[in-house]
Each structure stands twice: as C-alpha cells, then as structure tokens.
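Residue numbers (UniProt numbering): 1 to 607. Backbone N, C-alpha and C fix where the C-beta goes; we use that ideal spot for every residue, glycine too. A quick note: this is a predicted structure, and the numbers were derived from the prediction, not measured. Note sheet for the following structure.
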C-alpha cells in the first residue's frame, strides 16, 4: 500500500497513555474501490501495519464464518441506501484468536446524491463482552456458595420467644442461653433492631409469615447482613402453637448484587455509539463548515479556524495548531485525537480524520473530513480498567467467603466426584489418592458412611442443594460432628456445571462407642412429645440396625420417600414419626434423653 495512503494512528496522533488503542479507522472509495486502513485498524485485525494491502475482500475473509453472511448483506444495504454503518460481529485473526468488534461508520454522497465514499471506525469490544460473562458467572458462584452457607434453623413459642437458637449462638458466638426468649435481638445492629422487633411482633400478633433482612453481629465482631424467615405452625385453622424459622448469611450476595448492578450499568454506558459529523475546512478563508448534525454530535456548529483552536484544551492546542499549519503548507492529511472544552466547562473527546481536496491550480484549497465524538470510548477505556479491578475484588471476596463458609470448602465437577479436597486431607490425614472419587468416605464414621453416600448421591441425582450431618475422623483418630451443605452452580439451562460444598464442625470430639450415634445436647433439640423422632436419630438408628432406607420403609409400612423426608427434616407428621419410632424400638433401638447434657440412641440392652 502507498505509505501516503495509509492513515496514521501514532506519529501524528495526540495520544494519552502507553497502551495501544483497541480501535482503528478505515475509508472506502466506492468510485475507485480503494481502501485505506489506519495502523490501529491493522492491529485490531491482528495484522502488522502495512504488512498487506488493505482491501474489502481481505476484511470480509476475516469475519467469523457464522457472522459473514449478515455482515456482507448489512454492508451492501448501507452502501446502496447511503445509511449509517452500525454492526457488531466476530473476526478471526491470523493467529486463530476470535475477537468481538463493533463497526461504526457513515456513507457520504457526491454532488449527484450517489454514495461516493465511506469512513468509520472498527472497535475491539472483546474485553467488555468477556467482562460481562465473567461477572455473571461469578454471581452464580456466589449464589451457590451463599446457599451452602446457611446459618441454620430456630424455633419460638406462640408468643414469639425463642426456645431453640443454637444456630444463632453459633453465628454470633454468644452463649445459647443468652439467645433464648428475646435475647437474640441483642446481637442485631442498633439501627436495625427496632424495625426487626416491630416486624416480628406484628407477625406474631397476626400469625403471618415473617421475612426480613438486617445486620447481625458475627462472632468475629463484624456486622453481616442476614435474611431471616419464619412461619407459624398452627393447629388446623387455629392460632399458632409455635414458630419455626431459618437464617441465612446474605452478606456476599448483597455486596455482589450491588457491585454487579453498578458495573453492568457502566458497561452499558461504555458501549461505543459511534457519533460523528462531517466538515469542510476552507484553507483560504479559514472557515470550518460542519454538517447539520454537528451540534447534536459534537456540541458545535460552523466556526472559524481560530475559534476552533481557542476551544481546544490548552495541553492539546500546540499539537493541533502545528498539524493545521503543516496541512496548509503541504496538503497532507492528518489524524488527531484531542479534547475540546465545551461552553459549560465540560470536556468532549474528539478524533478527526482528514482528506485533502487538491485545487485545480495545484496545492490545496479545501480539507474535508469526519470527526468522531469519542467521549464514551474514553470512558469505556476507564471502565475496562474498573471492570478488571472489580473482578480482582470479586475474586478476593470469593476467596474470603469460601474461608468463612466453613472448616472445609471445596468445588467438584458436575458428576460430583472428588478429585481433590486439600482442607479435608489436612484434617483427616488422607492422601491425595485416598480422597479420589468416593474414597474420602473412608474418613467418615462407619455408622454414618452409608447414609452420607446416599445423601450425597440423592443431591446429585436431583440437582437440588441440601445439607446433612456426619462424623469425621481427624488425624489423631478422634471423631467430630460436621454439618455439610452442597449446592450446584447452574448454567442457563439449569444443569449443574460444578458443585460447591461447605463443611462446618458442630461439636467436639466423639468418644462414645462406635455403634452409638450420639450428639451433644446443645447441638440437637431434645425429643418432645409432639416431635418424637429427629432426623439425626433416624439416620443413626438405621446405622445401628444396618438397614437401608428401603428396608426400614418396608418394616414401618411407609414409603421410601417418607423415610427420606424425615431424614431431611421435611416431615412433621406426628402419626408417621410415632410409627417409625415404634418400629425402630421394636427392632432393638433404645432412645435416650439424659439430664447430663447428652441426647443419644443406642442398641437396646439385652439385644
């Protein structure tokens, strides 16, 4: 390509920063077929400036095959009808890299009204598209981990006074007895406590569903946002006899949602709209005449060259004045990027591309060109950096949330099979090879192993997150109670792409005989006359008897799904619970509730 025909994005450009601009300019003369590309245009296409001759066919060949037909059709319509050019598509660079670009331009007509030439800009928008996808993916990961980080369940009397609040005590670090009655309010932020108490009192008064988010002091001392929900348990259509509720730590979800909202708006505003206007610079009179849309696009109309120069930012003015002087003398074209000070004091970023119209007597008497308002593009450059910073912060927050979620946190593939769990290995002393697949179960208490595998498999089969409890052996051989939660990270079709799990210790070492499934009383509600069988008791009893879910269902005369609902804490049918407990007692399981702080079950004596 003739060097003089190439546009220059560097030598004659008033530039800022060291990073190459992710855009380039092009021109296409319909009469001669000649095409010129700026250095930036070559770079966007993945080519060395001037390495090949610029031509329309080469450009079309680099458009992604799936986008090529629409690109050619749209370009032809714009040329024939003289419309503005505005499209977004993919290109394939010579090294195989696929990039998203936005093509913005305008078609210019000759004196007879026929399309004569076009000029525009090609912008690499890959970073913006990828940033949007990364932010959405990170939001989904936060959602799954937040679900896995549930605080727990609680109960209250018909008057709204807490009678079970172990989860509240675990989260706040306060003694459980201090969280009973109305003591749970003491850990709520002083600016929220009045509204929470009033909302709770009103729900209790009318017996309606309660849901409220507020700040709760964590045992670390910081205040974290939690979501609290409760429903009344009623006798038929009568008044509430008690309340049951849940609490969830939504701090990360709340922060992420706000951050994503802000950055989605920034990215939306950052998309280049390509506004531009045409102009005619009479070198003899010094008058600049602009197209009718110049006022809307650039904020200026026609003016003298002196008025134009006076409006340029003082830091850019010397360079522009030198370019104008050189153009008057040599007739050479130039390209420049500069700032213009508006009448209101604001800054507008402009980029001008110039073509010289030779005089019939030699030299030049007119310069014509196009000027792009690139203010949004400059803001986009800033937003790209902001997005990268935001992603770094999100990664740091995600790591912190994973550390806070429990003693162990892990991620596994869509099949749920473990490839490695470093924190689990550190606690149990298992080797890398020993935790592969289902191997990690060898560190689970023998009485809990089958139920644990069944629980995990059921979660994987249903693609629905859930929680379960079991005992884990540490390096020294002692067993500790843990609560695990596993939740899926879903794609747009609702299919798990990975699973996130959190495992939190809920009790001290277990020293009782292996065949006795026992938990500290403060971690387990005491059996009550209206709640004769707890989920953990049923799982433990099956372990003592060595019975599968199906075998126990047949013994009790209930369905397999009923047994599973009871084990998951999803059934409060008093009659069914009594039936199952009676079956277990007849089969040789003894239920104990001692005054020494232990709540246990064991094989019946004499059996």
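(message) Please report the straight-line C-alpha distance between residue 604 and residue 454, rounded to a whole angstrom.
(response) If I take the Cα positions, the gap works out to 26 Å.
(message) Cutting at 7 Å between CB atoms, please list the residues of its own chain near residue 457, excluding the five before and the five after it.
(response) none
(request) In the DSSP assignment, find the alpha helix (DSSP H) that holds residue 167 and state where it starts and stops. (result) Run containing residue 167: 166-172, per the alpha helix (DSSP H) assignment.
(request) Give the DSSP-derived three-state secondary structure of residue 187 in the structure shown. (result) helix
(request) State the DSSP-derived secondary structure class of residue 32, mapped to helix, strand or coil. (result) coil
(request) With a floor of 4 residues, list each alpha helix (DSSP H) that falls wholly inside the region 407-474, ordered by position along the chain. (result) 422-428 and 446-462
(message) Ignoring anything shorter than 4 residues, give me the alpha helix (DSSP H) runs that lie fully in the region 296-342, in order along the chain.
(response) 305-311 and 317-330
(request) Report, in whole angstroms, the separation of the C-beta atoms of residue 311 and residue 340, which I expect to be a contact under 8 Å. (result) 5 Å
(message) Could you tell me the alpha carbon to alpha carbon distance between residue 250 and residue 434, rounded to whole angstroms?
(response) The C-alpha of residue 434 is placed about 35 Å away from the C-alpha of residue 250.
(request) Determine the extent of the alpha helix (DSSP H) in which residue 535 is found, giving its start and end residues. (result) Start and end: 535-545.
(request) Determine, using beta carbons only, whether residue 490 and residue 533 come nearer to each other than 7 Å. (result) No, Cβ-Cβ distance for residue 490 and residue 533 is not below 7 Å.
(request) Reducing DSSP to helix, strand and coil, say where residue 179 ends up. (result) helix
(request) Give a yes or no on whether the C-beta atoms belonging to residue 187 and residue 172 are separated by under 7 Å. (result) yes
(message) Output needed for residue 437: all residues of its chain with C-beta closer than 8 Å, excluding positions within five of it in sequence on either side, in chain order.
(response) 417 and 418
(message) To the nearest angstrom, how far is the alpha carbon of residue 197 from that of residue 232?
(response) 17 Å
(message) Going by DSSP, what residue range makes up the beta strand (DSSP E) through residue 120?
(response) 115-124
(request) Assess, as a yes-or-no matter, whether the region 149-166 is touched by the region 52-70 under the definition of 3 or more beta carbon pairs within less than 8 Å. (result) no
(message) For residue 346 and residue 110, what's the separation of their Cα atoms in angstroms?
(response) Computed Cα separation, rounded: 36 Å.
(message) Quick check on the DSSP output: the beta strand (DSSP E) that includes residue 219 runs from which residue to which?
(response) From DSSP, residue 219 is part of no beta strand (DSSP E); its letter is neither H nor E.
(request) Return helix, strand or coil for residue 48, following the three-state DSSP convention. (result) coil
(message) Distance check for residue 107 and residue 307, CA to CA, integer angstroms please.
(response) 28 Å
(message) Taking 7 Å as the threshold (C-beta atoms), are residue 445 and residue 471 in contact?
(response) yes
(message) Can you confirm whether the region 52-66 touches the region 83-91 when touching is taken to mean that 3 or more C-beta pairs between the two stretches lie within less than 8 Å?
(response) yes
(message) Measuring straight from C-alpha to C-alpha, what distance separates residue 130 and residue 211?
(response) 36 Å
(request) Could you spell out where the beta strand (DSSP E) holding residue 160 opens and where it closes? (result) Unbroken run through residue 160: none, as it is neither H nor E.
(request) Starting from the C-beta of residue 353, find all residues in its chain whose C-beta is less than 7 Å away, skip the five residues before and the five after it, and write them out in chain order. (result) For residue 353, where only same-chain residues beyond five positions count, the Cβ hits under 7 Å are 7, 25, 119, 335, 369 and 370.
(message) Our contact map puts residue 442 next to residue 467 with C-beta atoms below 8 Å; I'd like the distance itself, whole angstroms only.
(response) The pair is not a contact, with the Cβ atoms about 22 Å apart (cut-off 8 Å).
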